[in-house]
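Numbering (our numbering), first residue to last: 1100 to 1679. Here a beta-carbon is modelled for each residue, glycine too, at the ideal position from N, C-alpha and C.
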Amino acid sequence: MRGSVLSVAVLVLSVMVSVEPAGADTEAPIISDSNRSHPVFARSGMVVSQEAVASAIGADVLRRGGNAVDAAVATGFALAVTLPRAGNLGGGGFMLVHLAEADETIAIDYRETAPAATTRDVFLDEDGEADPNLSRFTGLGIGVPGTVAGLTYAHQTYGSGTFTLLQLVEPAFRLALDGIVVSQDLSRSLDRARERLIQYPATAEIFFPDGETPQPGDRLKQTDLARTLLRIGERGSEAFYAGDVADQIAASVQEAGGRMTVDDLAAYNIVERAPVTGSYRGHEIQSMPPPSSGGIHLIQILNTLEGFDLAASGFGSAQTMHLMAEAMKRAYADRSEYLGDPDFVDVPITRLTSKAYASDIASSIHLYSATPSAEIAPGDLAPYESEETTHVSVVDRDGNAVSNTYTLNFSYGVGLVAAGTGVLLNNELDDFAAQPGVPNAYGLVGGEANAPEPNKRPLSSMSPTLVFDPDGELLLVTGSPGGSRIITTVLQVISNVIDHDMNVQDASAAPRMHHQWLPDVLFIEPGFSPDTLRLLGHRGHVVEERRTTGSTQSIRITEDGWLAGASDPRRPGAGAVGVE
């Protein structure tokens, strides 16, 4: 495999120990510290992800002549090794690919699908009531994975042709085979998930050798995963969706009580979709369409807020936060009624994202008092046409960009490793509405549009997003994990940049808020003024403090052409890596 990227694993492990200033040796990546207060600047490329080793692997692909898609694919496979609680082969997600020369953006839907044997009552108990344990902690909650199909399709269709798939997979393979050094963050996350993970022998054998939680400084080897990665690199997605790996996945799911078969795996396909688009104060917004609800409701909330002068009211003021909360409530109410897999239901995208509908929403907002959620219903559209997710943003030297969000749903998914494969499996089918009005694990309420059906994709909040300036130039590539909070997290980064003129690192680090209609609670991160919180209470908001909201990975393109990368300081070990 001479001439490939074999040396990357060694390179990134050694380069993480220091932060290189912009303009340093052009042969070395520029890596951020997750706690730094300034963006990382570079001219020729940028990769921002939740894990610094994976970011450095992607940046090295850019440095060696790959494009943004090549780098995103290499980073995605690496995260399956270095960030096992969210990076994955056994989950799914959504990717936006922006092709600069063609001025075109493609949305790649590689969301998980329900097995063909899925029924409407799959998550109901003997009394006909929703049983959340079935969708969260058994094989019934496991959707047919889409990640391998999505990453290999992106490489085959939109990669530069400079790298073979094997070359892009190889750094992940080497890290899995040789082992990664366990960080404090990884040790803590494994310990928190221990009770759920150790019940599966194949999982316990990998992550809890000798029955103990790996400690910082230990080496975690994932040899079965290495073998699976090598097969994918050599044979493409066929190695995952057919043959031994598919047999082992189906058998493990069935043993855990699920209904997935090898035929379900063989039948999986990705879908190319048109991005959902809108505008905000002269900036074009491109984001993910259904079965993600993210793009529609991001644009809906921005449209609503466009009727108010947030720059004048200021970041963190009671007025700005009140208006944002009221716009959020109404969007999440609509989400519960209208959103689902567009291959199964008619989603009124044009109506929900129209300026006219947003104007009606804005007129219903009381400027100085909160509307109780009990008084907010999904809108009348007649007049108008996941916590442990992870995100990667990439921009290359030619202005091509990738915004990619993918997930297992819960941290480490359902907790089950398919025996012999090293592949952690998702519990994404919990994102279906088991019954109308019954919340999922993130408190989101859904209806018939998001009911379980065979081969259907559950609704998601993932919101990979691109923002273009009024001249049509790419301005911002962003996205975040955070379950139901993804939409509002991405919203606030965009507003911080456009309304409050923050640099991308400040926009990422600023404290956030979240309201999702039900429960009727305004969740607040620490960092806002106590006086502001008291004023919000006087306006009728029920305010509750939450420790963290999301983990954005963003790139801003400055007016003079610099790439400014920002990795959210809320998660340790994240990294923005620039290429000079």
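Can you say whether Ser1462 is buried or exposed, counting buried as having 16 or more other CB atoms within 10 angstroms of its CB?
-> exposed
Beta strand (DSSP E) segments (min. 3 residues) lying fully within the stretch 1437 to 1506 | 1488 to 1495 and 1500 to 1506
C-alpha gap between Ala1213 and Gln1347, whole angstroms | 18 Å
Are the beta-carbon atoms belonging to Ala1690 and Leu1574 less than 8 Å from one another?
-> Because the chain is modelled from 1100 through 1679, residue 1690 falls outside the range shown and cannot be assessed.
Collapsed DSSP secondary structure at Asp1124 in the structure displayed | Because Asp1124 sits at a pLDDT of 29, beneath the cut-off of 50, its placement in the model cannot be relied upon, and the following sentence gives the value as read from the coordinates. Three-state DSSP puts Asp1124 in coil, outside helix and strand.
Would you say Ile1384 and Ser1492 are within 8 Å of each other, going by their C-beta atoms?
-> no
Nearest-angstrom Cα distance between Phe1627 and Leu1635?
-> 11 Å
May I ask you to list the residues that DSSP assigns as paired with Tyr1209?
-> Gly1192
Could you check what DSSP says for Ser1650 in three-state terms: helix, strand or coil?
-> coil
With distances taken Cα to Cα, identify the nearest neighbour of Phe1443 among Ser1416, Glu1552 and Gly1189.
-> Glu1552
For Ile1400, name the three-state secondary structure that DSSP assigns.
-> helix
Does the count of Cβ pairs from the stretch 1158 to 1173 and the stretch 1249 to 1265 closer than 8 Å reach three?
-> yes
Following the continuous beta strand (DSSP E) through Val1147, name the residue where it begins and the one where it ends.
-> Gly1144 to Ser1148
My guess is that His1490 and Gln1652 are in contact by the Cβ rule of under 8 Å, so how many angstroms apart are they, rounded?
-> 5 Å
Spell out a yes or no on whether the stretch 1181 to 1192 and the stretch 1501 to 1510 are touching, meaning 3 or more CB-CB pairs, one atom from each, closer than 8 Å.
-> yes
Beta-carbon proximity of Val1352 to Gly1521, cut-off 8 Å | no
To the nearest angstrom, report how far apart Gly1342 and Ala1350 are at their CA atoms.
-> 12 Å
Can you give the beta carbon distance from Ala1675 to Val1147, rounded, assuming they're within the 8 Å contact cut?
-> 4 Å
Give every residue of the same chain whose Cβ lies closer than 7 Å to the Cβ of Thr1376, excluding the five residues on either side of it in the sequence, and list them in chain order.
-> Glu1383, Ile1384 and Gln1385
Roughly how many whole angstroms lie between the Cα atoms of Ala1158 and Gln1534?
-> 44 Å
Same chain only: Cβ atoms within 6 Å of Glu1484, ignoring 5 sequence neighbours per side = At Glu1484 the pLDDT is 32, less than 50, meaning the model places this residue with poor confidence; the figure from the coordinates comes in the next sentence. Here the set comprises Thr1449 and Arg1450.
Straight-line CA distance for Arg1646 to Asp1605?
-> 18 Å
Relative to the alpha-carbon of Leu1565, which residue among Ala1185, Asn1602, Ser1378 and Gly1677 has its alpha-carbon at the smallest distance?
-> Ser1378
Identify every residue that forms a DSSP beta bridge with Thr1376.
-> Gln1385
Start-end ranges of the alpha helix (DSSP H) lying completely within the stretch 1587 to 1643, minimum 4 residues | 1603 to 1608 and 1629 to 1637
Report the residue from Glu1294, Asn1549, Glu1337 and Gly1165 whose alpha carbon sits nearest the alpha carbon of Thr1263.
-> Gly1165
Using the rule of at least 16 other Cβ atoms within 10 Å of the residue's Cβ for burial, across every protein chain shown, is Gly1578 buried or exposed?
-> buried
Touching by the beta-carbon criterion (3+ pairs, under 8 Å), the stretch 1359 to 1371 and the stretch 1224 to 1231 | no
What are the boundary residues of the alpha helix (DSSP H) that Gly1332 is part of?
-> Thr1322 to Arg1334
Selection from Gln1283, Phe1531 and Ala1275 that minimises the alpha carbon distance to Leu1329 = Ala1275
In the structure shown, what three-state DSSP assignment does Val1544 receive?
-> coil
Using the C-alpha atoms, what's the distance from Ser1286 back to Arg1293?
-> 10 Å
Which residues does DSSP pair with Val1168 in a beta bridge?
-> In DSSP, Val1168 forms no bridge with anything.
Using a threshold of 8 Å, state whether the C-beta atoms of Gly1512 and Asn1526 are closer than that.
-> yes
In whole angstroms, what separates the C-alpha of Glu1126 from that of Gly1660?
-> With a pLDDT of 33 at Glu1126, under the threshold of 50, the modelled position of this residue cannot be trusted; read the value that follows with caution. If I take the Cα positions, the gap works out to 20 Å.
Are the CB atoms of Leu1617 and Val1537 nearer to each other than 8 Å?
-> no
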